[in-house]
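Report on the structure given below.
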Amino acid sequence: MCKRIMIVSLMIFIIAFVSVIGENKPVWAKSSDDQTVRTQVQNAEAFFSNGNIEQAATFFEQAEKMMGVRKFAESYPDAVIHLAQSYQSRGLHKNGIALLQNALKHIEIKEHSRKALFHSSLADVLLSYGDKQEAVSCLEEGVKEAELSKNSLIQAKILNDLGNVFAAFGAEKTENYDKAVSAYRKAISYIGEKDNAFAFSVMVNLIRVRYFRKDFQQISDDAENLLKTADGLPDTHHKAMNLISLGEILIQTQKASVRHDPALTRLAYTALTHAGQIGKTLNDIRIISNSYGYTGQLYEKEEQYADAKVLTRTAIFFIEQGKYPEILYLWQWQMGRLHEAEQDMENALAWYGRAVETLNPVRNWLYRGYRLREDVFGEKIKPVYLDLARLYLRQAEKGSGSERIKKARDTMELLKTAELENFYQDECVSAGRKKMDTTEQVSSGTAVIYPIPFSDRLAVIADLPAGIQNFFVPVKSETLGKTAMNFRNLLQNWGDDKQIEKDAETLYTWLIAPIENPLKAQNIHTLMIAADGALRLIPFSALYDGKQFLVQKYAVVTIPSRSLTDTSQIERTQTGALISGLSQGRIEEEWNFSALPGVAKEVKDVESIVGGKKLIDNDYTVHNLFKEFETKEYSTIHFATHGVFGNSPQNTFLLSYDGRLTMNQLEQMINIGRFRKNNVDLLTLSACQTAQGDERAAFGLAGIAVKAGVSSAIATLWAVDDSASKRIVTEFYRHISASGATKAESLRQAQIGLLRHQQFWHPSFWSPFLLIGNWN
């Protein structure tokens, strides 16, 4: 059973929106009975304000337990808020949400100001956890209560939280950034001169939104004024953390700017130095380490590598005095970059290795706790693994042999597991699954292909029965990505046929031609593709060598990674199929789902081949699906309905008659029969689609078999013609039932059959169908 990690994540403070927690003092009951509780909370507040979150949480928890039998005591709501904020600060968002939601059900709070703070605290934890819609609902209640309270600081607090929500939605609708700026400005006007420290926090949030909007000149001016304001504030832990946040924003702004702006460097240095001084006064090693580490980044940007190494080494020294791996790995990665910049590859490799070793056990802490739209995984986690893999392959190229290639492959395996956990927001997503042992040779007739786009060139690792090989192709990731995206868009939108053919040949030349001789020499018939980056968006089966499509030469399988794939030979025990379908169209939120008139015929044909139970239209409900799995065994689940794979679990679902079937619900449903003799072998999604141009969405699709807990899945990269879909899935079932061929070969034959059909020869019809996971 997967053990969930519960520990402090300081990075929440460093790069998350400042939520201004811990600013509101509780109103305690005056009775002597509450004296012990008051003492506990006062001690907790003192530790919290000094940044000792662990000790603060201990006192808050003790206070909450002492009041457990008197849940209507006046002091209880405030203690709950503080304890929830403490949970949030440690990354334990579910604990905070459950605590606040339970309290809302059982506590009667009369004061509007305290009601507002309660809703505000819950909204902030929800937003930090990633549940934006629920956060908005809570804030709407909070806004009403804040207005009734007539308390300007409470209203400012709600407005700051509202700004955080708008900023979190900014990447989806850019006008939300304008709304965020408006909310922050209004919050500052409510604060006035009442609480300068609070205003300082809100202004840091405002500057961060300017960074998102690329309003770089305004950032420089605002930061100059903000640092003057900081000089007049008491030197507290929260002030230091705000200065660290400001320094990092300025560093990121400098990196994103077209031209070098010395003012940004000067301001960042001032903010970080001031934070470091406060850290030394408070003896806070995290602040001291971040001050040195981010200052080291400034020197790295200026290519002053020797000085940057001294600063980074100092940052490592301080953070190693405590147990803060979520900070340590950043500086280890930074040290690796600095050594590589000086062409010291052995030391660079060693530091990258340390960073990955430090990161592996804690990476799940870092997926949560961010209220901004920043792609934390893509910017601060994935590049660490890629840098290590890249250096391993570079050394292998210089004669270090297959062992370094294997280490590069194993690094990519770790990365892909981390990505799947990140996408599904579930660090246990791969626990308990049957997996392929990467230390064993690949089975006869199969090859596992890892195309890895690096900035300067493409690496293609081929794991073959006779051993592992790597090939470098001189194409930059930017060029490769543009070609892949263009190819995908043309196929999905029925673009120019000549350009489709040209792109298909170009991609074949880059991705398949370098490994073609070893494939032929070892009689490979099945390719398992573990793609990365924009390559996840394309159907490899449609690559073209000038005479044939790849599917005419090989069975093609999509896998998230080798270690996450069960490739065992499964004795097929047909316990029937659960065949569901929705023929009716739906308009739901931003989606307009067209009717699928061929669903009824598809469901009937599948039933005639594999047998089983049908659930069509109004019978196809989430409740009925669960009911079936509670009473029967099914080896196959077939969904003839619209499905969407977006860039998050919240935007990933299958359409049912009564709404949405989420991936978590699908997993729960399949897990009902987990301990039965026969588990689900195949999941078919015949009309799903990924968000066009979204690599995360495509990877979420590639990991659907792992998430759902099935051996294999069939799905489509984009919504396919209704008639084509019906033909290909029925031919697949017919072939696998009649011939006993592998799933991969059965899908290949179904695609070739469509390719030979005059009406459906175009790759836009047949290429989006993917076999995911076990190919046997």
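For the sequence shown, the numbering used here gives the first residue as 34, with consecutive numbering after it. From the three backbone atoms N, C-alpha and C, an ideal C-beta is built for every residue, glycine too.
What's the C-alpha gap between residue i and residue j?
{"i": "H790", "j": "A757", "result": "10 Å"}
{"i": "N680", "j": "A220", "result": "32 Å"}
{"i": "I769", "j": "T207", "result": "49 Å"}
{"i": "L331", "j": "G196", "result": "29 Å"}
{"i": "K104", "j": "Q458", "result": "Low local confidence applies: a pLDDT of 44 at K104 is under 50, so the model's placement there is unreliable, with the coordinate-based value given in what follows. Roughly 33 Å between the two C-alpha positions."}
{"i": "Y577", "j": "I805", "result": "21 Å"}
{"i": "L363", "j": "L788", "result": "50 Å"}
{"i": "S64", "j": "K190", "result": "Residue confidence for S64 is low, a pLDDT of 45 falling below 50, so the modelled location carries little weight and cannot support an answer."}
{"i": "F659", "j": "Q532", "result": "46 Å"}
{"i": "S689", "j": "H671", "result": "13 Å"}
{"i": "V395", "j": "Q367", "result": "18 Å"}
{"i": "F793", "j": "E473", "result": "40 Å"}
{"i": "Q782", "j": "W543", "result": "26 Å"}
{"i": "V739", "j": "E621", "result": "27 Å"}
{"i": "F50", "j": "L300", "result": "Its pLDDT being 45, under 50, F50 is placed unreliably in this model, and the coordinates cannot settle the point."}
{"i": "E764", "j": "Y418", "result": "41 Å"}
{"i": "D714", "j": "Y653", "result": "21 Å"}
{"i": "N76", "j": "T69", "result": "11 Å"}
{"i": "R401", "j": "A168", "result": "Residue placement at R401 is flagged as unreliable, the pLDDT there being 49, under the threshold of 50; the coordinate-derived value follows with that caveat. About 15 Å."}
{"i": "K36", "j": "T450", "result": "Caution is warranted here: a pLDDT of 36 is assigned to K36, below 50, making its placement in the model unreliable, and the coordinate value is therefore given only provisionally. If you take the alpha carbons of K36 and T450, they lie about 16 Å apart."}
Here's the rule: buried if 16 or more other CB atoms are within 10 angstroms of the residue's CB, otherwise exposed. What is residue i?
{"i": "D755", "result": "buried"}
{"i": "P59", "result": "Its pLDDT being 40, under 50, P59 is placed unreliably by the model, and the measurement read from it follows with that caveat. It is buried - the Cβ of P59 has at least 16 other Cβ atoms within 10 Å."}
{"i": "R707", "result": "exposed"}
{"i": "D529", "result": "exposed"}
{"i": "K431", "result": "exposed"}
{"i": "S797", "result": "buried"}
{"i": "I54", "result": "Low confidence applies to I54: its pLDDT is 38, below 50, so where it sits in the model is not reliable enough to give any reading."}
{"i": "S745", "result": "buried"}
{"i": "G566", "result": "buried"}
{"i": "N651", "result": "exposed"}
{"i": "L803", "result": "buried"}
{"i": "H656", "result": "exposed"}
{"i": "K143", "result": "exposed"}
{"i": "H293", "result": "exposed"}
{"i": "D254", "result": "exposed"}
{"i": "R319", "result": "buried"}
Do the CB positions of residue i and residue j come within less than 9 Å of each other?
{"i": "A216", "j": "K247", "result": "no"}
{"i": "L648", "j": "G692", "result": "no"}
{"i": "V508", "j": "R521", "result": "no"}
{"i": "G812", "j": "N704", "result": "Here the chain comprises residues numbered 34 to 809, so residue 812 is not present and cannot be evaluated."}
{"i": "V389", "j": "L447", "result": "yes"}
{"i": "F199", "j": "A179", "result": "no"}
{"i": "G822", "j": "V481", "result": "Residue 822 lies beyond the stretch modelled for the chain, which goes from 34 to 809, so this question has no answer here."}
{"i": "Q365", "j": "K334", "result": "no"}
{"i": "L283", "j": "L266", "result": "no"}
{"i": "A777", "j": "T559", "result": "yes"}
{"i": "M236", "j": "T262", "result": "yes"}
{"i": "E281", "j": "Y327", "result": "yes"}
{"i": "T775", "j": "W751", "result": "no"}
{"i": "V639", "j": "W799", "result": "no"}
{"i": "P484", "j": "I562", "result": "yes"}
{"i": "N550", "j": "S477", "result": "no"}
{"i": "G644", "j": "G609", "result": "yes"}
List the residues that DSSP assigns as beta-bridge partners of residue i.
{"i": "P267", "result": "The partner list for P267 (beta bridge, DSSP) is empty, contrary to what the question assumes."}
{"i": "S278", "result": "Beta-bridge pairing links S278 to no other residue."}
{"i": "S745", "result": "L715, G806"}
{"i": "V810", "result": "Only positions 34 to 809 of the chain appear in the structure, and residue 810 is not among them; the question remains open."}
{"i": "V739", "result": "Answer by DSSP bridge pairing: none, since V739 is not bridged."}
{"i": "F672", "result": "S613, L718"}
{"i": "I501", "result": "D496"}
{"i": "L694", "result": "L687"}
{"i": "N625", "result": "I620"}
Please confirm whether any heavy atom of the ligand ADP lies closer than 8 Å to the CB of residue i.
{"i": "N229", "result": "Judged by which ligands are present, the structure shown has none, so any question about the ligand ADP falls away."}
- Message: Tell me whether the region 689-708 and the region 532-539 touch, counting them as touching only if at least three CB pairs, one residue from each stretch, are closer than 8 Å.
- Response: no
- Taking three-plus beta-carbon pairs below 8 Å as touching, is the region 726-738 in contact with the region 564-584? yes
- Message: Could you check whether the region 309-323 touches the region 271-282, counting it as contact only if at least three pairs of C-beta atoms, one from each stretch, sit closer than 8 Å?
- Response: yes
- Message: With three or more beta-carbon pairs closer than 8 Å as the criterion, would you say the region 345-360 touches the region 372-383?
- Response: no
- Could you tell me whether the region 623-632 touches the region 586-599, where touching means 3 or more Cβ pairs closer than 8 Å? no
- Query: How about the region 419-439 and the region 502-519: do they share at least three Cβ pairs that are nearer than 8 Å?
  - Reply: yes
- Message: Taking 8 Å as the cut-off, does the region 702-722 touch the region 508-518 (at least 3 CB pairs, one atom from each stretch)?
- Response: no
- Can we say the region 140-160 touches the region 177-186, given the rule of at least three CB pairs closer than 8 Å? yes
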